[in-house]
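Note sheet for the following structure.
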Amino acid sequence: MKMLRILSLGLCLSLLTDAFAAQAQAPAPPPDTRFGAVEAYMAPDKAADLRVGWDRMVVRWYERQPDNPDQWNVPGEEADRVNAALAAGREMTILLMGTPPWATDGPAIGGVPRGLYLPVDDPNNLWAVFVRRMASEYAGRVNHWIIWNEPDIAPEDFGAQFEGSVQDYYQLVKVAWQAAKQANPQAVIHLAGLTHWHDVVYGRKPYLQRFLEAASQDPTARRNNYYFDAVSLHLYFRSETVYDIVNLYRGLLRRYGLRQAIWLNETNAAPMDDPHLPWNAPLFSLTMDQQASFIVQAFALALAAGAERVSVYKLINPVVQFPGGDYYGLYRPDGSPRPAAEAYRAVTTHFAGVRRTTLITLRSHYIARLERPGAVTRVLWARRDQAVTLRLRLTAGAVGVVLYDQYGVAQPLVVDRNGAFTLTLPAAVCGDPNHGCLLGGAPWLLVETLGRR
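For the sequence shown, our numbering gives the first residue as 9, with consecutive numbering after it.
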């Protein structure tokens, strides 16, 4: 027995040493564009340090042309932010929204643009003119355009950002698709980020379903891919729902024979216990450690569901606007990191380059397997308020293995001479009085280096 323990420890140390040596010798790859952070441009050095692969910037029409169509105000920092992101290897996406008062017969900012149903080449189609000019201005630097934000929040509900009907939103997207591609044939048009839960709470069909129903009435839609190239989602707090909701929306697309990419443009879980930014009346009772767990779990589940890209909302909270409110940033306004920043680093480091993801779903735990060039990352976590002990084996062909916690810190792992080991998954903290287990327990990242075949 003593000899077996010595052999086990020796194998463990050998595997750890080989893996660390390989990592030390390998040059850092460019950021993986699948992993983003909203408004990373607010802290470009931190974005580079965390290896953020894509960014999102909002351009508000009413700021470009506040008073009349002859204005074109370009904030000096806007182009600088785009250029700096590209220089650092981050792809920039731009979200267009916000109708100027002069350009709508409805309310400013959320109103339907005047002339929206005119031909796209008609100069009185004010939205078409704006989108075409934006796409032309950034051609060669920005290809991805998100059209508005969260239209599934109904006009009568708090937080509404678009006052038009679903049919109006379809027309908004259709015109943007046509105008942007006229100016830049490489333009990629994204539907606005959808919250999903607003429709659930108010008993409505999913907004995407209603959008597709409206689009299907247009005889030109099918031959033009329904005038959009990607679906965007905004999902928060409940990590387990990420996998199910991404698959739900993929199913809605398939009903219409569509295969557009799905992006998770915003995801996070704001903590309540940050001593510098306490959330006094939290919607959900989660800690900073649980926020870190959420980041790892949500990104793993999004990849397993086939999401093309995933982005955290957001990199940094630049100012404290509402003391006692919910703050999502990986970094605080003073630049200090929350624990979730290191969890995000673990994702961009150990998920990078993933080519194939499979998910094992059991009642007690998840195992997401991410196959990468020369490596496999297994992400494991308990789903309930009981720890789970697993007996596992190394992947065939593994020549090195390192066990990381959710912060990317290497932990001891004893592997026996047959390549087997025991791993205990910490129990989930199910302390929310109204929602129980909002997310699973702290995840492990098991990173195996594969030998050449």
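Even glycine gets a Cβ: it sits at the ideal position worked out from N, Cα and C.
> Going by alpha carbons, who is nearest to Lys213 out of Val328, Asn232, Leu256, Gly148?
Replying inline: Looking up residue 213 in the sequence shown gives position 205. Residue Leu256 is the option with its Cα nearest to Lys213.
>> I need the DSSP call for Arg346, collapsed to helix, strand or coil.
In response: Your numbering for residue 346 matches position 338 in the sequence shown. Arg346 sits in coil when the DSSP states are folded into three classes, being neither helix nor strand.
>> Do Ala187 and Val464 have their beta-carbon atoms positioned less than 7 angstroms apart in this structure?
In response: Examination of residue 464 is not possible in this model, given that the chain is present from 9 through 461 alone.
> If we call anything under 7 angstroms between Cβ atoms a contact, is Ser247 one with Leu447?
Replying inline: Position 239 of the sequence shown, counted from the first residue, corresponds to residue 247. Position 439 of the sequence shown, counted from the first residue, corresponds to residue 447. Result yes, Cβ atoms of Ser247 and Leu447 sit closer than 7 angstroms.
> If we count the other Cβ atoms within 10 Å of its Cβ and call it buried at 16 or more, is Leu134 buried or exposed?
Replying inline: Start at 1 with the first residue of the sequence shown, and residue 134 comes out as number 126. Flag for Leu134 reads buried.
>> Quick check: what's the CA-CA separation for His198 versus Tyr234?
In response: Counting from one through the sequence shown, the residue named residue 198 turns up at place 190. Counting from one through the sequence shown, the residue named residue 234 turns up at place 226. Approximately 12 angstroms, taken between the alpha carbons.
> What does a CB cutoff of less than 6 angstroms around Gln73 pick up in its chain, not counting 5 residues either side in sequence?
Replying inline: Translated into positions along the sequence shown, residue 73 becomes position 65. Residues Gln79, Pro108 of the same chain have their beta carbon placed closer than 6 angstroms to that of Gln73, with the five preceding and five following residues left out of the count.
> DSSP puts Ser240 in a beta bridge; with which residues?
Replying inline: The residue given as residue 240 occupies position 232 in the sequence shown. In DSSP, Ser240 forms a bridge with Gly201, Trp271.
> Taking just the CA atoms, how far does Tyr146 sit from Asp281?
Replying inline: The sequence position of residue 281 within the sequence shown is 273, counting from 1. The sequence position of residue 146 within the sequence shown is 138, counting from 1. Whole-angstrom Cα-Cα distance: 41 angstroms.
> Is there contact here, the segment 321-338 with the segment 385-397, by at least three beta-carbon pairs under 8 angstroms?
Replying inline: The way I'd put it, the segment 321-338 doesn't touch the segment 385-397; fewer than three beta-carbon pairs between them come closer than 8 angstroms.
> By the 10 Å Cβ neighbour count, where 16 or more other Cβ atoms means buried, how is Asn151 classified, buried or exposed?
Replying inline: For the purposes of this step, residue 151 is identified with residue 143 of the sequence shown, where counting begins at 1. By the C-beta density criterion, Asn151 is buried, having at least 16 other C-beta atoms within 10 angstroms.
>> As a quick exercise: from Leu124, Gly123, Gly106, Tyr125, pick the residue whose alpha carbon is nearest that of Ala116.
In response: For the purposes of this step, residue 116 is taken as residue 108 along the sequence shown, with counting starting at 1. Of the candidates Leu124, Gly123, Gly106, Tyr125, the one whose C-alpha sits nearest the C-alpha of Ala116 is Gly106.
> For Leu291 versus Glu47, is the C-beta spacing smaller than 7 angstroms?
Replying inline: As a first step, residue 291 must be located in the sequence shown, where it is residue number 283. As a first step, residue 47 must be located in the sequence shown, where it is residue number 39. It is not a contact, given that the beta carbons lie outside the stated cut-off.
>> When you compare the segment 333-344 with the segment 405-424, are there three or more beta-carbon pairs, one atom per stretch, that lie closer than 8 angstroms?
In response: Taking one beta carbon from each stretch, the segment 333-344 and the segment 405-424 have fewer than 3 pairs nearer than 8 angstroms; the two do not touch.
> For Asn325, which of Tyr49, Thr432, Gly265 has the nearest alpha-carbon?
Replying inline: Position 317 of the sequence shown, counted from the first residue, corresponds to residue 325. Per the Cα distances, Tyr49.
>> As an exercise, report each continuous alpha helix (DSSP H) stretch of at least 4 residues that is fully enclosed by the segment 76-129, in chain order.
In response: DSSP runs (the alpha helix (DSSP H)) wholly in the segment 76-129: 84-95.
> Out of curiosity, what's the CA-to-CA distance linking Gly84 and Val139?
Replying inline: As a working note, residue 84 is residue 76 in the sequence shown. As a working note, residue 139 is residue 131 in the sequence shown. A straight-line Cα-Cα distance of about 19 angstroms links Gly84 and Val139.
> Exposed or buried, what is Asp40 when buried is set at 16 or more other beta-carbons lying within 10 Å of its beta-carbon?
Replying inline: As a first step, residue 40 is located in the sequence shown; it is residue number 32 there, counting from the start. Buried: at least 16 other Cβ atoms inside 10 Å.
> Can you list, in chain order, the residues of its chain whose CB lies under 6 angstroms from that of His206, leaving out five sequence neighbours each side?
Replying inline: The residue given as residue 206 occupies position 198 in the sequence shown. Here the set comprises Asp160, Ile161.
>> Alpha carbons only, please: which of His443, Thr101, His242, Leu126 is nearest the one belonging to Ala310?
In response: Your numbering for residue 310 matches position 302 in the sequence shown. Ranking the options by Cα distance to Ala310, first place goes to His242.
> Of the residues Arg122, Ala349, Arg141, which one's Cα is nearest the Cα of Gly44?
Replying inline: Sequence index remark: in the sequence shown, residue 44 carries index 36 (1-based). Nearest option by C-alpha distance: Ala349.
> Residues bridged to Val150 by DSSP?
Replying inline: Within the sequence shown, residue 150 is the residue found at index 142, counting from 1. Residue pairing from DSSP leaves Val150 without any beta-bridge partner.
> Closest to Leu398 by CA distance: which of Ile253, Val239, Leu433 is it?
Replying inline: Here residue 398 refers to the residue found at position 390 when the sequence shown is read from its first residue. Per the Cα distances, Leu433.
> Gly337: which of Met296, Ser240, Asn157 sits nearest, CA to CA?
Replying inline: Counted from its first residue, the sequence shown places residue 337 at position 329. Selected option, being the one with the closest Cα: Met296.
> With which residues is Met65 paired in a DSSP beta bridge?
Replying inline: Reading the sequence shown from its first residue, position 57 is the one you call residue 65. Paired residue(s): Ile102.
>> What does the alpha-carbon distance come out to for the pair Phe219 and Leu124?
In response: Walking along the sequence shown from the start, residue 219 turns up at place 211. Walking along the sequence shown from the start, residue 124 turns up at place 116. If you draw a straight line from the Cα of Phe219 to the Cα of Leu124, it is about 17 angstroms long.
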